[in-house]
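Engineer: In order, the protein sequence lines correspond to chains P and L.
For what it's worth, our numbering labels the leading residue of the first sequence as 1, then goes sequentially.
For what it's worth, our numbering labels the leading residue of the second sequence as 1, then goes sequentially.
Can you read through this structure? Questions will come right after.
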Amino acid sequence: MIRAEDVVAEYVAWLTDFLPDDYYHRYREYRWDLGLRRDHQRAAFEAGWLQPTWPREHGGRSLGLREAMEVRLEAAIRSAPKLPNIAGPNVAGPGIRQFGTPEQIDRLLVPLLRGDEWWALGMSEPEAGSDFAGLRTRAVRDGDLFRVKGRKIWTTQAHLSRWCTLYARTDPDAPKHRGISCLILDLESPGVTIEPIRMASISDETFCEVILDDVEVPVANLLGPCNGGWQVALSSLNHERQMIWIMNWVEIQRGLDSVRGSETAHDDYASGEVFTELGALLADAEALRATGYRSLYNELAGRPSPEADILKLLGSLTLQRVWELAAAASGPRSIDDADLLFERQDALAATIYGGTSEIQRNIIAERLLGLPKG
Amino acid sequence: MDVGLNSGQLALRDSVRDVLRAECPPGVARHAMTDPERWRTLWKTVVDLGWAELAVPADGGDGSFGRVDLAVVLEECGAAIAPVPLLSSIGLAGGVLRVAGPAVDEVLEAIGGGVVAALAAHPPGCRLPGVPMTLQNGRLHGRAVAVTGLPRAELIVTLASSADGPVAAVVRVGDGVSVQAVECTDPAQPVADVEIDTAPVVTAPVDMESALATPLLAVAADLVGVADAALARSIEHAKARQQFGKPIGAFQGIKHALADNYVAVERARSLTYAAAARIDDPATSPSAGWTAAALAKAAAAEAAVGCARTGVQVHGALGQTWEHDMHLYLRHAWQGASTLGDSRALYHAVGRRVAGGAA
């Protein structure tokens, strides 16, 4: 039997060997080092640590869910270099693996996992944000082509990506979430215009606007069934959902370390005042981890795991409170701390992406508690 | 680390739930508020079913009767707001004795057999639990406030300072023990103050953090149950009550408040199950066990009070009445919230430890 401790030990040995000697010392710089992050992704793919539950040829080592979670947690605890294009391996990749034809998998998956080809998620539109199913981009069948017209926005890293999972309306007469298909769009196709949008923060996950003017997409690039795009979107995002709490948990730990290490921590006022909030945040962080384990335990036992639906909401809100406390605890020094400014801005995105907190509350209330739709 | 209930614990939960559904609808708590003897018939059922035996720790390595089992049963009793001294006996008093060594085995056996015990751990004027008594020349002396279950108890477990460090001490209610009845937020779970000046039945040295960890966990479990039950009542009402032509649960003002309640309940439940498993693990340090239990208790009190307060709001004027059950949950939640440390005091204590590098 594979023991999780052994797997984690092997992973740690691999990671330690990969990272430069001064990685932790200079983490503030390395976290923006795209070259290092690309190298890390490729090496993780080759060593089977990128998607640990997947088979060897797809960047994994066929681990069980429990062992895979321990590896991911360890990666996060050790601040392993962040994937430069999360949408590829963590959203588009699982979608292609689940819904792709053998030809699509064969052509697309390995370059995606190695990071040689980046991916964008063509979901939001100017008029379709939380109401994703209300999207208007049209794909009209024309022989063995779809002709696509429309506009996508907040499309992260589209300007650096080769491919896009493009959600478009293929049946305007069907109820709105049953008329959507997912198309694999080559962003180099004629008729595609990509405009990056300047971010408020120094984030390198730049938004883009993607304008689609009569773009031809081969029917062979349909991902999943025609008009089955809603299911492709849900399944792809679900994979990501399981990762989000781990990322949030570790970022919370980093925030808590920053609170503990702040220069004013020994100031009489600060030291007394921040403790209560610090304790509450420690409870949130531990609850996140315990709930993650609880839902995994239920899943492995073949039971429903409704508690997993709190992870996104609790994790993202806690992350924001952690960095606000870190700012309060560092007093006026918070003003000239560029890293802290970025953390605070970045935390505000966490209650938006992957389904806003308001949508999360609707999901909990309607799906779990059985309250009627508004 | 596994967090959650295995199939045996789920079966235990369901059997306890079924019994309480039949024997203890919420009206029983209301009745117990005005009839001081009402608890006895239910208590007899509880003892006959062997639930009090959970006070005695498991001796085998098969994991039966660990703290997760204890938490499961107390959670169900909390959900039923059962007006019995089970929390007081096996969770609070028994929780301290669990870590007091073989000297107290007989007392634990007695509690397991249905003798009611209470834990005196609140020194006057303190928000956090502590050491209210002193042990000197074989006599126990001191005063404790807000002792849950004391009006129904035969035995008192307390914590005392002695020349050799902290001890757990057991006294029998009687001569040298003055029980002072007080007004209770939740008369279905009466509390009292106590003044002690007598020779204890038995004493045993304890580590303070280990001694308080299981009691904190036990209150957490009880309050998770209260929170869950109060939320269930609010959901039921939000689906049924119509205003402006639709159920009020369709409005986001209500819907989101209840979703936030759900997050609070599951947050507390995860912390509680995780703390139970952690304290059961012999590799856990006393300090880590206390921290886990303290956070669970703080979170559970927030969940219980939050769900009950939202419940009053969701029920509107109905929630203000004696006949509606919501005030029963609210009273139980408020009382439990101040037992063994209110949430802010516990968060503060944990935050200070962690900032100081102690945990």
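Cβ coordinates follow ideal geometry from the N, Cα and C atoms, glycine included.
#1: Under DSSP, the beta strand (DSSP E) around Pro-196(P) begins and ends at which residues?
#2: To which residues of the same chain is Arg-37(P) closer than 8 angstroms at the C-beta, ignoring the five residues directly before and after it?
#3: So does the segment 193-204 of chain P actually touch the segment 89-109 of chain P, counting three or more Cβ pairs closer than 8 angstroms?
#4: Work out the CA separation of Arg-78(P) and His-31(L) for me, nearest whole Å.
#5: Would you please verify whether the beta carbon of Glu-273(P) is less than 7 angstroms from any beta carbon of chain L?
#6: Counting along the chain, where does the beta strand (DSSP E) carrying Arg-147(P) start and finish?
#7: Taking the CB atoms as reference points, tell me whether Glu-195(L) and Arg-152(L) lie closer together than 7 angstroms.
#8: Considering just the uninterrupted stretch of the alpha helix (DSSP H) at Gln-157(P), what are its terminal residues?
#9: When the Cα of Ile-184(P) is compared with those of Val-250(P), Leu-65(P), Phe-146(P), Ile-359(P), which residue comes out closest?
#10: Whole beta strand (DSSP E) runs in the segment 2-62 of chain L with 3 or more residues, listed along the chain?
#11: Taking C-beta to C-beta, are Thr-272(L) and Ala-220(L) nearer than 7 angstroms?
#12: Identify every run of the beta strand (DSSP E) within the segment 93-178 of chain L, keeping only runs that are complete inside it and at least 3 residues long; order them along the chain.
#13: Taking Val-140(P) as part of the beta strand (DSSP E), name the residues at either end of that continuous run.
#14: Determine, using beta carbons only, whether Tyr-297(P) comes closer than 7 angstroms to chain L.
#15: Within a Cβ cutoff of 6 angstroms, which residues of the same chain sit near Trp-51(L), ignoring the five residues on either side of it in sequence?
#16: Buried or exposed: where does Lys-373(P) fall if 16 or more other Cβ atoms within 10 Å of its Cβ makes it buried?
#17: Could you list which residues in chain L have their beta carbon closer than 7 angstroms to that of Tyr-11(P), in chain order?
#18: What do you reckon, are the CB atoms on Arg-260(P) and Ala-71(L) nearer than 7 angstroms?
#19: Note down, in chain order, each residue of its chain lying with its Cβ closer than 8 angstroms to the Cβ of Thr-53(P), except the 5 sequence neighbours on either side.
#20: Taking the continuous alpha helix (DSSP H) assigned at Gly-78(L), which residues delimit it?
#21: If the cut-off is 9 angstroms on Cβ atoms, which residues from the segment 280-303 of chain L count as contacting chain P, listed in chain order?
#22: According to the Cβ coordinates, are Ile-246(P) and Ala-76(P) closer than 7 angstroms?
#23: What does Leu-223(P) pair with, by DSSP beta-bridge criteria?
#24: Any contact between the segment 77-84 of chain L and the segment 95-103 of chain L? By contact I mean 3 or more CB pairs, one from each, below 8 angstroms.
#25: Which residues in chain A have a C-beta closer than 8 angstroms to the C-beta of Ile-90(L)? List them in chain order.
#26: Can a CB atom of chain P be found closer than 7 angstroms to the CB of Glu-266(L)?
#27: Do you know how far the Cα of Ser-262(P) is from the Cα of Ser-330(P)?
#28: Please work out which residues of its chain come closer than 6 angstroms, Cβ to Cβ, to His-239(P), disregarding the five sequence neighbours upstream and downstream, and give them in chain order.
#29: Please report the straight-line C-alpha distance between Gly-63(L) and Ala-13(P), rounded to a whole angstrom.
#30: What is the DSSP secondary structure of Gln-41(P), reduced to helix, strand or coil?
#31: For Ala-103(L), which option in Val-202(L), Gln-320(L), Val-116(L), Ser-15(L) has the closest C-alpha, if you only look at C-alpha atoms?
#32: Roughly how many whole angstroms lie between the Cα atoms of Ser-357(P) and Trp-322(L)?
#33: Output, in chain order, the set of chain L residues within a Cβ distance shorter than 8 angstroms of Ile-310(P).
#34: Please list, in chain order, all residues of the same chain as Ala-308(L) whose beta carbon is under 6 angstroms from its beta carbon, the five residues on each side excluded.
#35: Would you say Gly-63(L) faces chain P, with C-beta separation under 7 angstroms as the test?
#36: Using three-state DSSP, classify Phe-244(L) as helix, strand or coil.
Structural biologist: Looking at the coordinates:
#1: Start at 1 with the first residue of the first sequence, and residue 196(P) comes out as number 196. First-last of the beta strand (DSSP E) with Pro-196(P): 192-197.
#2: Start at 1 with the first residue of the first sequence, and residue 37(P) comes out as number 37. Closer than 8 angstroms at the Cβ level, and outside the excluded window around Arg-37(P), lie Pro-81, Lys-82, Leu-83, Pro-84.
#3: Look at the beta carbons and you see the segment 193-204 of chain P not touching the segment 89-109 of chain P: under three pairs across the two are nearer than 8 angstroms.
#4: Reading the second sequence from its first residue, position 31 is the one you call residue 31(L). Reading the first sequence from its first residue, position 78 is the one you call residue 78(P). So the alpha carbons of these two residues sit roughly 56 angstroms apart.
#5: Translated into the one-based positions of the first sequence, residue 273(P) becomes position 273. So no, Glu-273(P) is outside the interface.
#6: Within the first sequence, residue 147(P) is the residue found at index 147, counting from 1. Segment 145-152, the beta strand (DSSP E) holding Arg-147(P).
#7: By one-based count along the second sequence, residue 195(L) stands at place 195. By one-based count along the second sequence, residue 152(L) stands at place 152. Not closer than 7 angstroms, so no.
#8: Walking along the first sequence from the start, residue 157(P) turns up at place 157. Neither: Gln-157(P) is in no alpha helix (DSSP H) and is coded neither H nor E.
#9: One-based indexing of the first sequence puts residue 184(P) at position 184. Checking every option, the nearest Cα to that of Ile-184(P) belongs to Phe-146(P).
#10: Counting whole runs of 3 or more residues, the segment 2-62 of chain L contains no beta strand (DSSP E) stretch at all.
#11: Numbered from its first residue, the second sequence carries residue 272(L) at position 272. Numbered from its first residue, the second sequence carries residue 220(L) at position 220. One thing to note: Thr-272(L) has its Cβ within 7 angstroms of the Cβ of Ala-220(L).
#12: The DSSP assignment places complete beta strand (DSSP E) segments of no fewer than 3 residues inside the segment 93-178 of chain L at 117-120, 133-136, 139-148, 155-161, 167-172, in order along the chain.
#13: For the purposes of this step, residue 140(P) is identified with residue 140 of the first sequence, where counting begins at 1. From DSSP, the beta strand (DSSP E) with Val-140(P) extends over 138-142.
#14: Position 297 of the first sequence, counted from the first residue, corresponds to residue 297(P). Tyr-297(P) counts as touching chain L.
#15: Your numbering for residue 51(L) matches position 51 in the second sequence. Around Trp-51(L), the same chain offers Val-73 as residues with beta carbons nearer than 6 angstroms, after the five sequence neighbours per side are excluded.
#16: What you label residue 373(P) is simply residue 373 of the first sequence in a count that begins at 1. Per the 10 Å Cβ criterion, exposed.
#17: Translated into positions along the first sequence, residue 11(P) becomes position 11. The CB of Tyr-11(P) never comes closer than 7 angstroms to any CB in chain L; the least such distance is about 18 angstroms.
#18: For this step, residue 260(P) is matched to residue 260 along the first sequence. For this step, residue 71(L) is matched to residue 71 along the second sequence. Contact: no.
#19: Here residue 53(P) refers to the residue found at position 53 of the first sequence. Closer than 8 angstroms at Cβ, skipping near neighbours: Gly-60, Ser-62, Leu-63, Gly-64, Leu-65, Ala-68.
#20: As a first step, residue 78(L) is located in the second sequence; it is residue number 78 there, counting from the start. Segment 67-79, the alpha helix (DSSP H) holding Gly-78(L).
#21: Taken in chain order, the members of the segment 280-303 of chain L whose beta-carbon sits within less than 9 angstroms of a beta-carbon on chain P are Thr-291, Ala-292, Ala-294, Leu-295, Ala-296, Ala-298, Ala-299, Glu-302.
#22: Translated into the one-based positions of the first sequence, residue 246(P) becomes position 246. Translated into the one-based positions of the first sequence, residue 76(P) becomes position 76. Contact: yes.
#23: Working through the first sequence from its first residue, we reach residue 223(P) at position 223. Answer by DSSP bridge pairing, in chain order: Cys-182(P).
#24: No: the two stretches stay apart, fewer than three of their Cβ pairs being nearer than 8 angstroms.
#25: The structure shown contains no chain A; its protein chains are P and L.
#26: For the purposes of this step, residue 266(L) is taken as residue 266 along the second sequence, with counting starting at 1. Judged by the 7 angstroms Cβ criterion, Glu-266(L) is in contact with chain P.
#27: One-based indexing of the first sequence puts residue 330(P) at position 330. One-based indexing of the first sequence puts residue 262(P) at position 262. Rounded to whole angstroms, the gap between the alpha carbons of Ser-330(P) and Ser-262(P) is 5 angstroms.
#28: The count along the first sequence starts at 1 and reaches residue 239(P) at position 239. Within the same chain, Pro-94 come within 6 angstroms of His-239(P) by CB-CB distance, once the 5 residues on both sides are set aside.
#29: Taking the second sequence and counting its residues from 1, one reaches residue 63(L) at position 63. Taking the first sequence and counting its residues from 1, one reaches residue 13(P) at position 13. Summary for Gly-63(L): the model assigns pLDDT 45, below 50, so the residue's position carries little reliability; its value from the coordinates is reported in the next sentence. Roughly 34 angstroms separates the two Cα atoms.
#30: Reading the first sequence from its first residue, position 41 is the one you call residue 41(P). DSSP places Gln-41(P) within a helical segment (H, G or I) once states are collapsed to three.
#31: On the second sequence, position 103 is the one that residue 103(L) refers to. Out of Val-202(L), Gln-320(L), Val-116(L), Ser-15(L), Val-202(L) has the C-alpha closest to the C-alpha of Ala-103(L).
#32: Here residue 357(P) corresponds to residue number 357 of the first sequence, with the count starting at 1. Here residue 322(L) corresponds to residue number 322 of the second sequence, with the count starting at 1. Looking at the two C-alpha atoms, the distance is approximately 36 angstroms.
#33: Walking along the first sequence from the start, residue 310(P) turns up at place 310. From the beta-carbon of Ile-310(P), the residues of chain L found nearer than 8 angstroms are Tyr-262, Val-263, Glu-266, Arg-267.
#34: The residue labelled residue 308(L) in the question sits at position 308 within the second sequence. The residues Ala-230, Tyr-329, Leu-330, Ala-333, in chain order, have a CB closer than 6 angstroms to that of Ala-308(L) in the same chain once the five nearest residues on each side in sequence are set aside.
#35: In the second sequence, the residue the question calls residue 63(L) occupies position 63. Any reading at Gly-63(L) is ruled out, since the residue's pLDDT is 45, under 50, leaving its predicted position unreliable.
#36: Start at 1 with the first residue of the second sequence, and residue 244(L) comes out as number 244. The answer is coil: DSSP assigns Phe-244(L) none of H, G, I, E or B.
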